[in-house]
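Below: the structure, in C-alpha cells.
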Amino acid sequence: MSEFVQAGIIGLGKFGFTFGETLIRQGVNVLGIDSNPDHVKRAQHVFTRTLQADASDKETLIQTGITDMSHVLVSVGESIAASTMISMYLKELGVPLVWVKAINADHANLLRKVGVDDVIIPEEMAARQLANRLTIPGFIDYFPFNKEMILREINIEKWSGLSLKEIGLTNRYQIQAIALKKKNECDYSFIPKADEPLQEGDKLVVIGEIGHLDKIRP
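Note that numbering that gives the first Met the number 0 numbers the sequence shown so that position 98 is 97, with each residue one more than the last.
Here it is in C-alpha cells:
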C-alpha cells in the first residue's frame, strides 16, 4: 500500500504531526503544510517534505502540490472556517480522499455537507475506544467503515488453542478474519490459515457488523 499512497497533511499540530510521523514509519511519503514556522521546523526532519504556507488561500494551496496527493488530512486547530474552506478547496481540486479533524459535532456536520470523505473527532473516538476496552473483553481497537460494518483488532484469550475453523467465525458469528499477528511478532500475516491454532496474546483483525462483533468473547 505504501508504494501507492502519497499523503498530505495540512496542520502540523500534535494530531497532524503524530499522524504523519506514523505514516512515515510505515513507508508512506508525507507532505506536511502549516503556517506556523515552529510546527514546520519540528516536522521538517521527520516528514518527506514540509512547507510553510497558508493553505486557506486557494492559489497557495495549488502551488504546494497537495492536490497531487492520494490522501489528505486537514487538521488546522480551532478554526472551523479555515478547516471547512480548505476541505472544500481540496474536494473542488479533485483530491481523491480528504479526511478532516473536526472540533465538534456541528463542525462535523458542516464538513460532511462539503463532501469530505471522513470526519474525525479525536476526543469522541478516544472516549469510545476507552469505553470499549473497559466493557468488551479482548477488545483492542476499532476502525469504523460505516454505522453497521467495522474492522476490529482483538486480543486472543479464551480462544487460545482453538483454530479459526473450530471457532467458526464465519458460520457462527458472520465475521471474517483478515489478518493475524502472532504473539511476540511485529508483522501481520493476511488471510490467516483456518486450521492454525491461536495462542493467548495473538492479535486477530476481523471485519463484520457491530452487532455480531459485540457477541464474541475471544
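For every residue, glycine included, the Cβ atom is placed at its ideal position computed from N, Cα and C.
* Which value, in whole angstroms, describes the spacing of the CA atoms of Ala-260 and Pro-191? -> Residue numbering for the chain in the displayed model covers 0 to 217; residue 260 lies beyond these limits and cannot be assessed.
* Enclosing beta strand (DSSP E) for Thr-49 [first to last residue] -> In the DSSP assignment, Thr-49 falls within the unbroken beta strand (DSSP E) covering 48–51.
* Three-way DSSP call (helix, strand, coil) for Gly-210 in this model -> Under the three-state reduction of DSSP output, Gly-210 falls in the helix class.
* Please go through the same chain and pick out, in chain order, the residues whose beta-carbon is closer than 7 Å to the beta-carbon of Gln-51, but skip the five residues on each side of it. => These residues qualify, in order along the chain: Asp-33, Ser-34, Pro-36, Val-39.
* **Opening and closing residue of the alpha helix (DSSP H) in which Ile-91 lies** => In the sequence as displayed, the identity of residue 91 is Glu instead of Ile. 79–91 is the extent of the alpha helix (DSSP H) around Glu-91.
* Asked: Nearest to Val-75 by alpha carbon, out of Trp-98, Arg-24, Ala-125?
  -> Closest in alpha carbon position to Val-75, among Trp-98, Arg-24, Ala-125, is Trp-98.
* Contact check, Met-68 vs Val-94 under 8 Å by CB: the rounded distance? -> Contact between Met-68 and Val-94 holds, with the beta-carbon distance rounding to 6 Å and staying under 8 Å.
* For Ala-125, collect the residues of the same chain with a Cβ closer than 6 Å to its Cβ; drop the 5 residues on either side in sequence, then sort them by chain order. => Within the same chain, no residue comes within 6 Å of Ala-125 by CB-CB distance, once the 5 residues on both sides are set aside.
* **Buried or exposed (CB count within 10 angstroms, at least 16 for buried), His-70** => His-70 comes out buried.
* **Member of Lys-182, Asp-186, Glu-208, Ile-206 whose CA lies at the smallest distance from the CA of Pro-196** => Lys-182 is the residue among Lys-182, Asp-186, Glu-208, Ile-206 whose C-alpha sits nearest the C-alpha of Pro-196.
* Asked: Mapping DSSP to helix, strand and coil, what is Gly-193?
  -> A small fix is needed here, since residue 193 is Ala in this sequence, not Gly. Three-state result, Ala-193: coil.
* **For Gln-43, the three-state DSSP class (helix, strand or coil)** => In the structure shown, Gln-43 sits in coil (DSSP, three-state: anything other than H, G, I, E or B).
* To do: Using only alpha-carbon positions, find the residue among Glu-122, Glu-165, Ala-193 that is nearest to Lys-100.
  => Ranking the options by Cα distance to Lys-100, first place goes to Glu-122.
* Sub-7 Å separation of Arg-127 and Leu-212 beta-carbons -> It is not a contact, given that the beta carbons lie outside the stated cut-off.
* Any idea what DSSP makes of Ala-54, helix, strand or coil? -> Coil at Ala-54, not helix or strand.
* Who are the near neighbours of Phe-18 in its chain, counting only those whose CB is closer than 8 Å to its CB and skipping five residues on each side? -> Correct list, in chain order: Ile-8, Leu-72, Ser-74.
* To do: Measure the alpha-carbon distance for Gly-12 versus Arg-41 and round it to whole angstroms.
  => One C-alpha to the other measures close to 10 Å.
* Asked: Which word fits Ser-86, buried or exposed, when buried means at least 16 other C-beta atoms lie within 10 angstroms of its C-beta?
  -> Buried: at least 16 other Cβ atoms inside 10 Å.
* Asked: In terms of residue numbering, what span does the alpha helix (DSSP H) encompassing Gln-175 cover?
  -> Per DSSP, Gln-175 belongs to no alpha helix (DSSP H); it is in the beta strand (DSSP E), 175–180.
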